[in-house]
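Participant: So the mapping is simple: the numbering used here equals the position in the sequence shown, first residue as 1, plus 13. Ideal placement from N, C-alpha and C gives every residue a C-beta, glycine not left out. What follows is a single structure, and I will ask about it in a moment.
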Amino acid sequence: MLAVVLVTVAAAPGVAVAASDSSNATDATDASNTANATLVVVYPDPVERGDPGEFVLVRFPRATNTTGWTLTDGTSTARLPNRTLSGTVALSTTPEAAAAHADAPVVGLDGRV
Numbered sequence: 014m015l016a017v018v019l020v021t022v023a024a025a026p027g028v029a030v031a032a033s034d035s036s037n038a039t040d041a042t043d044a045s046n047t048a049n050a051t052l053v054v055v056y057p058d059p060v061e062r063g064d065p066g067e068f069v070l071v072r073f074p075r076a077t078n079t080t081g082w083t084l085t086d087g088t089s090t091a092r093l094p095n096r097t098l099s100g101t102v103a104l105s106t107t108p109e110a111a112a113a114h115a116d117a118p119v120v121g122l123d124g125r126v
């Protein structure tokens, strides 16, 4: 479910993403106050063939365990690392190439998007 939310907000930078087990609806203010992550920017389709260096910049306002989290473009899926992330990080399946473009620490993803 979280992966779908991350893809949905990819077109709207600055949107807060909150993971919740509750089925209760919350307003935007509540979601921002409890957000686990906020999508900052998407850097798609760099000029190199095969798109190495694509990344998504995500802000984690507090330490967040990303075990089980995924990122998808609707066709393929990449898994976030089984660790705790905090602050602003760039998520990429090609972290070495993304490091040349990202102004934040780059965290490697397993898979393809």
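#1: Distance, Cα to Cα, residue 116 vs residue 69?
#2: Using CA atoms only, rank isn't needed, just tell me which of 87, 82, 105 is closest to residue 54.
#3: Is it buried or exposed for residue 103, if we count other Cβ within 10 angstroms and need 16 for buried?
#4: With DSSP collapsed to three states, give me the class of residue 91.
#5: Do you know how far the Cα of residue 96 is from the Cα of residue 87?
#6: DSSP on residue 108, reduced to helix/strand/coil?
Facilitator: To lay it out plainly:
#1: Sequence index remark: in the sequence shown, residue 116 carries index 103 (1-based). Sequence index remark: in the sequence shown, residue 69 carries index 56 (1-based). Each residue's Cα considered, the two are about 11 Å apart.
#2: Position 41 of the sequence shown, counted from the start, is the residue given in the question as residue 54. For residue 54, the nearest C-alpha among the options comes from 105.
#3: Taking the first residue of the sequence shown as 1, we reach residue 103 at position 90. By the neighbour-count rule (16 or more Cβ atoms within 10 Å), residue 103 is buried.
#4: Within the sequence shown, residue 91 is the residue found at index 78, counting from 1. Here residue 91 sits in strand by DSSP.
#5: For this step, residue 87 is matched to residue 74 along the sequence shown. For this step, residue 96 is matched to residue 83 along the sequence shown. Rounded to the nearest whole angstrom, the CA to CA distance from residue 87 to residue 96 is 24 Å.
#6: Taking the first residue of the sequence shown as 1, we reach residue 108 at position 95. Looking at residue 108 - three-state DSSP - the assignment turns out to be helix.
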